[in-house]
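Protein sequences appear in the order of chains A and B. Counting in numbering that gives the first Met the number 0, the first sequence runs from 0 upward without gaps. Counting in numbering that gives the first Met the number 0, the second sequence runs from 0 upward without gaps.
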Amino acid sequence: MQSFNYAKPASLADAAAALAKAEDGTLLAGGQTLLPTMKARLAAPSDLVDLAGIAELKGISVSGGTVTIGAMTRHADVAGSAEVKGAIPALAALAGGIGDQAVRNRGTIGGSVANNDPAADYPAAVLGLGATVRTNSRSIAADDFFTGLFDTALNAGEIVTAVSFPVPQKAAYVKFPNPASRYAMVGVFVAKTASGVRVAVTGAGNGGVFRVPAYEAALAANFSPSAIADGVISAADMNSDLHADAEYRAHLVAVMARRAVAAAG
Amino acid sequence: MPTVSMTVNGQTVSAEVDGRTLLVEFIREHLALTGTHVGCDTSQCGACVVHVNGEAAKSCTMLAVQANGASVTTIEGLSEGDDLHPMQAAFKDNHGLQCGFCTPGMIMSAVDLAKRNPNPTEAEIRKGLEGNICRCTGYHNIVKAVAQGAAGMRG
Ligand SMILES: Cc1cc2nc3c(=O)[nH]c(=O)nc-3n(C[C@H](O)[C@H](O)[C@H](O)COP(=O)(O)OP(=O)(O)OC[C@H]3O[C@@H](n4cnc5c(N)ncnc54)[C@H](O)[C@@H]3O)c2cc1C
Ligand code: FES
Ligand code: FES
């Protein structure tokens, strides 16, 4: 790891200021992605701005059909939250299936969405529920937020403060985890909402998380596993690596989607 | 260099460290508590698991400065003198280790699991230990040990 300056500001304004004056500063949340990346020397920031001292970034609130989760809220807190389990059980279950307990005790929702790993779980819930990502300067709709592999609509220095999820009528997330890391080889989030059905797929696409309009239309007409047809997903759009080739991933998307619809009930 | 202060196994410790110092380096090299192991150094194996404010964390994936002000428990802090913690005793009784390299992290994760879920099923134990890798035992006796250790912790 290269050396860096470390700061732990107590407010969002101080964090933004610390980041602005750093030569090549990076935000530190749970560190479960950033620290391994720095240890591998794939990142070498001049400054780390630790968000752990900012109280306003932590916590979960439910009001008027919306669940809002602060950026520094850990996966374990979301998984164990009675409020989240009551309002969007699929979201609590998704958080409880990320990595392992030690990772869930440190990793945060803000870090996960900002990182936009193509195999991460939260992006599927954010896109599948049509959530809104809130930052220190604006609100970004999920459909505009995820822009490619490890890429988001965030500007340099922009800080995610919270994610707001509308409560769906029903929803479920089913993933085929990589047996070693538990990252999604394919994960499908299905949600039925007042304004229609949304289906988001993570782990599979060669451009990161994506929606499947053909599944959404079919499920809007008939919300049952049999509505998910084979052959909709093209292997040409899938990721291929040592864990699974593109054709296998394309097949798994339909299988996971059917299981998610069945689980949503 | 930043100064870090924390409580480790009940004792207050304070030191000036390079900001890059990992929590596991602080524990092993500054405090000479070598029970906490480094198996992979890439956040995968769980040999380095300690408790930070009572919760399992991979100490190779945390900076010492992130634990500033925290209360940390390592494997050395579990037993009371020569009396093994019930989870340690259960690993001994059930032959839950061979080379022992994974054992400190395994036990720290198992104690965290049993605190959250005092009576875990076999499936829950296997799921709860997903972040801890053992290359010797095949896990069978570890799972038995954790069930007994959890029972011992219930009292
Ligand atoms: C062994 C292991 C298994 C894992 N398995 C899974 C899994 O199954 N599924 C899964 O989804 N993830 C998995 N993860 C990743 C984990 O969920 C991470 O916690 C997460 O990806 C990053 O969150 P973090 O809080 O640790 O962020 P960090 O590592 O601290 O930061 C990640 C990136 O986001 C930026 N960032 C952080 N917070 C903000 C913010 N508020 N605003 C703007 N930018 C920010 C940082 O600058 C950095 O670039 C795994 C990790 C490990 C080590
Ligand atoms: S040494 Fe920390 S997880 Fe392997
Ligand atoms: S006993 Fe050898 S690695 Fe687990």
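All C-beta atoms, glycine included, are put in the ideal place defined by N, C-alpha and C.
Residue i, DSSP secondary structure in three states
{"i": "PRO44 (chain A)", "result": "coil"}
{"i": "ASN297 (chain A)", "result": "Absent from the model: residue 297 (chain A). The displayed extent of chain A is 0 to 264, so no value can be given."}
{"i": "ILE59 (chain A)", "result": "strand"}
{"i": "GLY109 (chain A)", "result": "helix"}
{"i": "TYR172 (chain A)", "result": "strand"}
{"i": "GLU15 (chain B)", "result": "strand"}
{"i": "ASP229 (chain A)", "result": "coil"}
{"i": "GLU79 (chain B)", "result": "strand"}
{"i": "ILE139 (chain A)", "result": "strand"}
{"i": "ARG181 (chain A)", "result": "coil"}
{"i": "ASP111 (chain B)", "result": "helix"}
{"i": "ILE87 (chain A)", "result": "coil"}
{"i": "GLY186 (chain A)", "result": "strand"}
{"i": "THR192 (chain A)", "result": "strand"}
{"i": "PHE222 (chain A)", "result": "coil"}
{"i": "PHE164 (chain A)", "result": "strand"}
{"i": "MET237 (chain A)", "result": "strand"}
{"i": "THR131 (chain A)", "result": "strand"}
{"i": "ASP76 (chain A)", "result": "helix"}
{"i": "LEU128 (chain B)", "result": "coil"}
{"i": "ASP92 (chain B)", "result": "helix"}
{"i": "ALA263 (chain A)", "result": "helix"}
{"i": "LEU251 (chain A)", "result": "helix"}
{"i": "LEU30 (chain B)", "result": "coil"}
{"i": "ARG134 (chain B)", "result": "coil"}
{"i": "GLY104 (chain B)", "result": "helix"}
{"i": "ASP116 (chain A)", "result": "coil"}
{"i": "VAL200 (chain A)", "result": "strand"}
Residues that DSSP places opposite residue i in a beta bridge
{"i": "GLN10 (chain B)", "result": "B:VAL7"}
{"i": "ASN205 (chain A)", "result": "A:GLY207"}
{"i": "PHE145 (chain A)", "result": "A:THR151"}
{"i": "VAL48 (chain B)", "result": "B:LYS57"}
{"i": "SER70 (chain B)", "result": "B:THR6"}
{"i": "VAL102 (chain A)", "result": "Answer by DSSP bridge pairing: none, since VAL102 (chain A) is not bridged."}
{"i": "VAL66 (chain A)", "result": "A:VAL61 and A:PHE164"}
Residue i beta carbon near ligand 2 (any heavy atom closer than 7 angstroms)
{"i": "ASP40 (chain B)", "result": "yes"}
{"i": "VAL51 (chain B)", "result": "no"}
{"i": "VAL37 (chain B)", "result": "yes"}
{"i": "THR65 (chain A)", "result": "no"}
{"i": "ALA46 (chain B)", "result": "yes"}
{"i": "LYS57 (chain B)", "result": "yes"}
{"i": "THR60 (chain B)", "result": "yes"}
{"i": "GLN1 (chain A)", "result": "no"}
{"i": "GLN10 (chain B)", "result": "no"}
Any non-hydrogen atom of ligand 1 within 7 angstroms of residue i CB
{"i": "ASN114 (chain A)", "result": "yes"}
{"i": "PRO8 (chain A)", "result": "no"}
{"i": "ASP120 (chain A)", "result": "yes"}
{"i": "PRO117 (chain B)", "result": "no"}
{"i": "SER60 (chain A)", "result": "no"}
{"i": "PRO35 (chain A)", "result": "yes"}
{"i": "THR6 (chain B)", "result": "no"}
{"i": "THR131 (chain A)", "result": "no"}
{"i": "ILE53 (chain A)", "result": "no"}
Contact set between residue i and chain E, taken where Cβ atoms lie within less than 7 angstroms
{"i": "ALA262 (chain A)", "result": "Absent here is chain E; the protein component of the structure consists of chains A and B."}
Whose beta carbon lies closer than 5 angstroms to any heavy atom of ligand 3, going through the chain in order? Listed by position along the chain, the residues with Cβ atoms less than 5 angstroms from a non-hydrogen atom of ligand 3 are B:LEU96, B:GLN97, B:CYS98, B:PHE100, B:CYS101, B:CYS133, B:ARG134 and B:CYS135.
Below 8 angstroms, how does it come out for the region 172-188 of chain A and the region 201-212 of chain A: are there three or more Cβ pairs, yes or no? Segments in contact, yes.
Count the C-beta pairs between the region 236-255 of chain A and the region 163-170 of chain A that are closer than 8 angstroms, then say yes if the count reaches three, no if not. Output reads no: the region 163-170 of chain A does not touch the region 236-255 of chain A.
Quick check: the region 89-98 of chain B against the region 141-148 of chain B, are at least 3 beta-carbon pairs closer than 8 angstroms? With a cut-off of 8 angstroms, the region 89-98 of chain B and the region 141-148 of chain B count as touching, because enough Cβ pairs lie within range.
Count the C-beta pairs between the region 66-73 of chain A and the region 107-124 of chain A that are closer than 8 angstroms, then say yes if the count reaches three, no if not. The answer is yes - the region 107-124 of chain A touches the region 66-73 of chain A, with three or more Cβ pairs under 8 angstroms.
Contact between the region 4-19 of chain A and the region 43-53 of chain A: three or more CB pairs below 8 angstroms? Three or more beta-carbon pairs drawn from the region 4-19 of chain A and the region 43-53 of chain A are found closer than 8 angstroms, and the two stretches are therefore classed as touching.
Does the region 106-120 of chain B touch the region 51-60 of chain B, meaning 3 or more C-beta pairs lie closer than 8 angstroms? By the C-beta criterion, the region 51-60 of chain B is judged to be in contact with the region 106-120 of chain B, since at least 3 inter-stretch pairs fall below 8 angstroms.
Using 8 angstroms as the cut-off, can you tell me whether the region 134-151 of chain A makes contact with the region 176-183 of chain A, which would need three or more C-beta pairs spanning the two stretches below that distance? Pairwise C-beta distances place the region 134-151 of chain A out of contact with the region 176-183 of chain A, as fewer than three of them are shorter than 8 angstroms.
Do the region 38-45 of chain A and the region 21-29 of chain A make contact, defined as three or more Cβ pairs closer than 8 angstroms? Yes: the two stretches touch, three or more of their Cβ pairs being nearer than 8 angstroms.
The region 219-236 of chain A / the region 16-36 of chain B touching (three or more Cβ pairs under 8 angstroms): Segments in contact, no.
With three or more beta-carbon pairs closer than 8 angstroms as the criterion, would you say the region 68-85 of chain B touches the region 34-43 of chain B? Touching, yes.
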